[in-house]
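Undergrad:
There are 2 protein chains.
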Amino acid sequence: MNLKLQWLRNKMSSLDLQGIIISNPINIKYLTNINAEGILVINPKENIFITDGRYVEDVHSILTLFDEIIVYDIKDISIEDYENFFMFCQNVGFEESYISYATYKEYLKKFKIKNFIETENIIEKQRMIKDDEELSNLNKACNITDDCFKYILSYIKSGMTEKEIAKEIDNYFSERTDGLSFETIVASGENTSKPHAVPSDRKIQERDIITIDMGCKVNGYCSDMTRTFFVGEPTEEMKCVYDLVLDNQKLTLEQYKEGANTRQITKMVESNFKLNRYNLIHSLGHGVGLEVHESPYINGKNEAILKENMVVTNEPGIYIPGKFGVRIEDTVQITKFGCISLTNSDKNYIII
Amino acid sequence: MNLKLQWLRNKMSSLDLQGIIISNPINIKYLTNINAEGILVINPKENIFITDGRYVEDVHSILTLFDEIIVYDIKDISIEDYENFFMFCQNVGFEESYISYATYKEYLKKFKIKNFIETENIIEKQRMIKDDEELSNLNKACNITDDCFKYILSYIKSGMTEKEIAKEIDNYFSERTDGLSFETIVASGENTSKPHAVPSDRKIQERDIITIDMGCKVNGYCSDMTRTFFVGEPTEEMKCVYDLVLDNQKLTLEQYKEGANTRQITKMVESNFKLNRYNLIHSLGHGVGLEVHESPYINGKNEAILKENMVVTNEPGIYIPGKFGVRIEDTVQITKFGCISLTNSDKNYIII
Chain A
548 MNLKLQWLRN
558 KMSSLDLQGI
568 IISNPINIKY
578 LTNINAEGIL
588 VINPKENIFI
598 TDGRYVEDVH
608 SILTLFDEII
618 VYDIKDISIE
628 DYENFFMFCQ
638 NVGFEESYIS
648 YATYKEYLKK
658 FKIKNFIETE
668 NIIEKQRMIK
678 DDEELSNLNK
688 ACNITDDCFK
698 YILSYIKSGM
708 TEKEIAKEID
718 NYFSERTDGL
728 SFETIVASGE
738 NTSKPHAVPS
748 DRKIQERDII
758 TIDMGCKVNG
768 YCSDMTRTFF
778 VGEPTEEMKC
788 VYDLVLDNQK
798 LTLEQYKEGA
808 NTRQITKMVE
818 SNFKLNRYNL
828 IHSLGHGVGL
838 EVHESPYING
848 KNEAILKENM
858 VVTNEPGIYI
868 PGKFGVRIED
878 TVQITKFGCI
888 SLTNSDKNYI
898 II
Chain B
548 MNLKLQWLRN
558 KMSSLDLQGI
568 IISNPINIKY
578 LTNINAEGIL
588 VINPKENIFI
598 TDGRYVEDVH
608 SILTLFDEII
618 VYDIKDISIE
628 DYENFFMFCQ
638 NVGFEESYIS
648 YATYKEYLKK
658 FKIKNFIETE
668 NIIEKQRMIK
678 DDEELSNLNK
688 ACNITDDCFK
698 YILSYIKSGM
708 TEKEIAKEID
718 NYFSERTDGL
728 SFETIVASGE
738 NTSKPHAVPS
748 DRKIQERDII
758 TIDMGCKVNG
768 YCSDMTRTFF
778 VGEPTEEMKC
788 VYDLVLDNQK
798 LTLEQYKEGA
808 NTRQITKMVE
818 SNFKLNRYNL
828 IHSLGHGVGL
838 EVHESPYING
848 KNEAILKENM
858 VVTNEPGIYI
868 PGKFGVRIED
878 TVQITKFGCI
888 SLTNSDKNYI
898 II
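Residue numbers (this note's numbering), protein chains in the order written: chain A, 548 to 899; chain B, 548 to 899.
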């Protein structure tokens, strides 16, 4: 059995769970490397992946005997099979955030579960700390993202649309990686005031401000970076906002280390912004791994403590409705004494 | 208020619901045209969309006064606001398949809901029947998909990889539509035996069999079509399987009409396949609309009755592990006396 499944079985034992149903597909990928629809059922004797006809052949081709995972086609499972899976289990865990209320009721009945126990994201919590192989994949994804940014700076010309630029980025990633980690954001001019802008047909003009937020996946692991830059000399107001964002991004980097309280760091940025009459309208950062947004969530509400080998973003932003916005984002690895930036693109004024 | 929200309020009234929380983003898009993360809260007085800072500006730009929807940034909502939303509601509906067990418990507490009632997909059921505007969008999406297929047949050459072909399809759609309705499948040779194959680096060769399953979105509405075709003359076995799939696809088209029982139609195809020692390993079809897979689900288990202006697929397939597979799929509109195919690509042997 692989190390991650062994870890899970130890964890279950410490929580007095004799069985568990894993429903979050990312957790299933993390534990087994299976990338298919289905659920993972762990009982005292077996690890079982229940999928459907579309995936059976594919899942078999990924697994080896060493994995010790039995694959079932859901249509071959009888009512009795379901009742047998957890027959000798007093307590069975489930992922309360990943099954719907309807599915919860269905499982209770179908598996005849005695005590169905919420597991409070045990796997997501474990996923926050990356092992060497995961760190290597994350680093590769961030390096390719830096390369893509360098390339795209040379590619952009006045008259191109946001959509064209986004497509070029998407092609860059699709040729070199498993694909995008999220829909690429290319926003220009007043569109930069929307943190979540969708690339439009707006054409790049002289004296534009441009924000690009992009990432790719390597072996399933994501990168995430944002840069804001200028076509020709920025206005004084733009420079002012840019400096404020960048200063706070750097201050945050200095604070990121094992033991740091993410709520306090966010409060620091919020208060620096407020002193200048701006608000931080989104999170300061988030974990990055098999998901581009995962625990820990770094914002003013959530009280997380950073730990060694967490990989998180640092992305303060200021948005002035109808005018423009600035966001600068790196993906970084937390260490005992600070952090190592996996993103290495220039953060000074970039003028194209 | 728009017609769809008016319909919902009438429906709620018939179910004795004074309030409802809509969580399924597709249902929110259907009812309001809002395309953003958040929930729609309907109480006796107001329609409220609760979202976060990233989307507020964008949602405001979509809505008009006529929509009568109030937009809240989640961080401006106090504990008292939550308790007030449903203060005068005896019964509040929720979408049991679209909120997690964890969210269910959270809402119960936060909104102080007296009776929280499962609503059994009332909106999904309504979405099955398309109005004229929806039909027009679906038809446009299917037409562009036909055009793309014609183009791609002329594009494919021996030596190209599945990935290259998939990328060309993706580019075709991204230039003309809102984008893909699902990840394009291009499978060749033995890869066609996987119904859910992911495009690989396998190169197209002489005497290959190729399956392409693809679709795009127009104003959010999806198309879905599959064709299987040949590089050079197919083998006798391939012809035999192709004929069997095509005959059953045509038989199914003849059965598709208002009042038809989808379980019976599926059983017919299953039994025709079994007579030839093959199995139907996936659904025969599914509804198509804002989602590429939506109700009604057409398979051997689900007992759905077809109705006028449903739009569904018809996609029998046979898969011989390690050898090859054949699937042929159209998207069709159900009428009182039959069905109209929105997909119009050739279904006879295509040899490139």
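Positions of the beta carbon are idealized from the N, C-alpha and C atoms, including for glycine.
Of all the beta strand (DSSP E) runs that stay within the bounds of the region 662 to 729 of chain B, which reach a length of 3 or more residues?
TA: If we require 3 residues or more, the beta strand (DSSP E) runs fully inside the region 662 to 729 of chain B come out as 662 to 665.
Undergrad: Three-state secondary structure (DSSP) at Tyr-648(A)?
TA: The residue labelled residue 648(A) in the question sits at position 101 within the first sequence. The answer is helix: DSSP assigns Tyr-648(A) an H, G or I state.
Undergrad: Quick check on the DSSP output: the beta strand (DSSP E) that includes Met-761(B) runs from which residue to which?
TA: As a working note, residue 761(B) is residue 214 in the second sequence. Start and end: 756 to 761.
Undergrad: Which chain A residues are close to Arg-601(B), counting only those with a beta carbon under 7 Å from its beta carbon?
TA: Taking the first residue of the second sequence as 1, we reach residue 601(B) at position 54. Within chain A, the residues near Arg-601(B) are Pro-742, His-743, His-829.
Undergrad: How big is the Cα-Cα spacing for Thr-598(B) and Gly-585(B)?
TA: As a first step, residue 598(B) must be located in the second sequence, where it is residue number 51. As a first step, residue 585(B) must be located in the second sequence, where it is residue number 38. Each residue's alpha carbon lies about 4 Å from the other.
Undergrad: Can you have a look at His-833(A) and say buried or exposed, based on whether 16 or more other CB atoms are within 10 angstroms of its CB?
TA: On the first sequence, residue 833(A) is found 286 positions in, with the first residue counted as 1. It counts as buried.
Undergrad: DSSP state of Gly-736(B), grouped into three classes?
TA: Walking along the second sequence from the start, residue 736(B) turns up at place 189. Looking at Gly-736(B) - three-state DSSP - the assignment turns out to be helix.
Undergrad: Can you tell which of Cys-689(A), Thr-579(A), Gly-885(A) has the C-alpha that lies nearest to the C-alpha of Ile-670(A)?
TA: Taking the first residue of the first sequence as position 1, residue 670(A) is located at position 123. The shortest Cα separation from Ile-670(A) among Cys-689(A), Thr-579(A), Gly-885(A) belongs to Thr-579(A).
Undergrad: Tell me the rounded alpha-carbon separation between Gln-880(B) and Asn-856(B).
TA: By one-based count along the second sequence, residue 880(B) stands at place 333. By one-based count along the second sequence, residue 856(B) stands at place 309. The straight-line gap from Cα to Cα measures roughly 6 Å.
Undergrad: Taking all protein chains shown into account, decide if Tyr-654(A) is buried (16 or more other Cβ within 10 angstroms of its Cβ) or exposed.
TA: Within the first sequence, numbered from 1, the residue matching residue 654(A) stands at position 107. That one is buried.
Undergrad: Ends of the beta strand (DSSP E) at Ile-881(B)?
TA: In the second sequence, residue 881(B) corresponds to position 334, counting from 1. That run of the beta strand (DSSP E) goes 877 to 881.
Undergrad: Cutting at 6 Å between CB atoms, please list the residues of its own chain near Gly-885(A), excluding the five before and the five after it.
TA: For the purposes of this step, residue 885(A) is identified with residue 338 of the first sequence, where counting begins at 1. Excluding positions up to five away in sequence, the list reads Lys-804.
Undergrad: Could you pull the start and end residues of the beta strand (DSSP E) that Pro-868(A) belongs to?
TA: As a first step, residue 868(A) must be located in the first sequence, where it is residue number 321. Neither: Pro-868(A) is in no beta strand (DSSP E) and is coded neither H nor E.
Undergrad: Under the DSSP definition of a beta bridge, which residues are partnered with Arg-774(A)?
TA: In the first sequence, residue 774(A) corresponds to position 227, counting from 1. In DSSP, Arg-774(A) forms a bridge with Ile-759(A).
Undergrad: Can at least three beta-carbon pairs, one atom from the region 758 to 768 of chain B and one from the region 717 to 735 of chain B, be found at a separation below 8 Å?
TA: Because the criterion of three Cβ pairs below 8 Å is met, the region 758 to 768 of chain B and the region 717 to 735 of chain B touch.
Undergrad: Excluding the five sequence neighbours on either side, which residues of its own chain have a C-beta within less than 7 Å of the C-beta of Asn-846(A), listed in chain order?
TA: Counting from one through the first sequence, the residue named residue 846(A) turns up at place 299. Around Asn-846(A): Thr-813, Ser-830, Leu-831.
Undergrad: Under 9 Å Cβ-Cβ, which residues of chain B neighbour Asp-605(A)?
TA: Residue numbering aside, residue 605(A) sits at position 58 when the first sequence is read from its first letter. Simply Lys-741, His-743, Ala-744, Val-745.
Undergrad: Any idea what DSSP makes of Pro-843(B), helix, strand or coil?
TA: The sequence position of residue 843(B) within the second sequence is 296, counting from 1. Three-state result, Pro-843(B): strand.
Undergrad: Would you mind telling me which residues of chain A sit closer than 7 Å to Ala-649(B), beta carbon to beta carbon, in chain order?
TA: What you label residue 649(B) is simply residue 102 of the second sequence in a count that begins at 1. Simply Glu-643, Ser-644.
Undergrad: Using beta carbons (cut-off 8 Å, strictly below), is Lys-714(B) in contact with chain A?
TA: Working through the second sequence from its first residue, we reach residue 714(B) at position 167. Yes, Lys-714(B) counts as interfacial toward chain A.
Undergrad: With a threshold of 8 Å, are at least 3 pairs of Cβ atoms found where one atom belongs to the region 695 to 707 of chain B and the other to the region 750 to 760 of chain B?
TA: At 8 Å Cβ cutoff, the stretches touch.
Undergrad: Select from the region 861 to 879 of chain A all residues with a C-beta closer than 9 Å to any C-beta belonging to chain B, and list them in chain order.
TA: Here the close residues are Tyr-866, Pro-868, Gly-869.
Undergrad: Residues of chain B with CB closer than 9 Å to the CB of Ser-721(A), please, in chain order.
TA: Taking the first residue of the first sequence as position 1, residue 721(A) is located at position 174. By Cβ distance, chain B contributes Lys-710, Lys-714, Asp-717.
Undergrad: Just to confirm, is the Cβ distance from Asn-638(A) to Gln-565(A) under 8 Å?
TA: The count along the first sequence starts at 1 and reaches residue 638(A) at position 91. The count along the first sequence starts at 1 and reaches residue 565(A) at position 18. Cβ distance < 8 Å, so Asn-638(A) and Gln-565(A) count as in contact.
Undergrad: Where do the ends of the alpha helix (DSSP H) carrying Phe-641(B) lie?
TA: For the purposes of this step, residue 641(B) is taken as the residue at position 94 of the second sequence. From DSSP, Phe-641(B) is part of no alpha helix (DSSP H) but of the beta strand (DSSP E) over 638 to 641.
Undergrad: Express the C-alpha separation of Leu-827(A) and Cys-787(A) in angstroms, rounding to a whole number.
TA: Taking the first residue of the first sequence as position 1, residue 787(A) is located at position 240. Taking the first residue of the first sequence as position 1, residue 827(A) is located at position 280. Whole-angstrom Cα-Cα distance: 16 Å.
Undergrad: Looking only at its chain, what residues have a beta carbon closer than 6 Å to the beta carbon of Gln-802(B), apart from the 5 residues adjacent to it on each side?
TA: Your numbering for residue 802(B) matches position 255 in the second sequence. Taken in chain order, the residues that qualify are Ile-812.
Undergrad: For the alpha helix (DSSP H) containing Tyr-577(A), name the first residue and the last one.
TA: Position 30 of the first sequence holds residue 577(A). Here the alpha helix (DSSP H) through Tyr-577(A) covers 572 to 579.
Undergrad: Should the region 863 to 870 of chain B be called in touch with the region 736 to 745 of chain B, which here means at least 3 C-beta pairs below 8 Å?
TA: Output reads yes: the region 736 to 745 of chain B touches the region 863 to 870 of chain B.
Undergrad: State the DSSP-derived secondary structure class of Asp-620(B), mapped to helix, strand or coil.
TA: On the second sequence, position 73 is the one that residue 620(B) refers to. If DSSP states are grouped into helix, strand and coil, Asp-620(B) belongs with the strands.
Undergrad: Is it right to say Lys-764(B) is buried, meaning 16 or more other beta carbons lie within 10 angstroms of its own, or is it exposed?
TA: Counting from 1 along the second sequence, the entry for residue 764(B) is found at position 217. By the 10 Å Cβ count, Lys-764(B) comes out buried.
Undergrad: Would you report the Cα separation of Leu-791(A) and Met-559(A), rounded to the nearest angstrom?
TA: As a first step, residue 791(A) must be located in the first sequence, where it is residue number 244. As a first step, residue 559(A) must be located in the first sequence, where it is residue number 12. Near 47 Å, if we compare the C-alpha coordinates of Met-559(A) and Leu-791(A).
Undergrad: Go ahead and pull the three-state DSSP assignment for Phe-633(A).
TA: Within the first sequence, the letter at position 86 stands for residue 633(A). If DSSP states are grouped into helix, strand and coil, Phe-633(A) belongs with coil.
Undergrad: Kindly give me the distance between the Cβ atoms of Glu-876(A) and Thr-724(A), rounded to whole angstroms, as I take these residues to be in contact under 8 Å.
TA: In the first sequence, the residue the question calls residue 876(A) occupies position 329. In the first sequence, the residue the question calls residue 724(A) occupies position 177. Not really, about 18 Å apart at Cβ, beyond 8 Å.
Undergrad: Does the distance from the C-beta atom of Cys-636(A) to that of Asn-574(A) stay below 8 Å?
TA: Within the first sequence, the letter at position 89 stands for residue 636(A). Within the first sequence, the letter at position 27 stands for residue 574(A). No.
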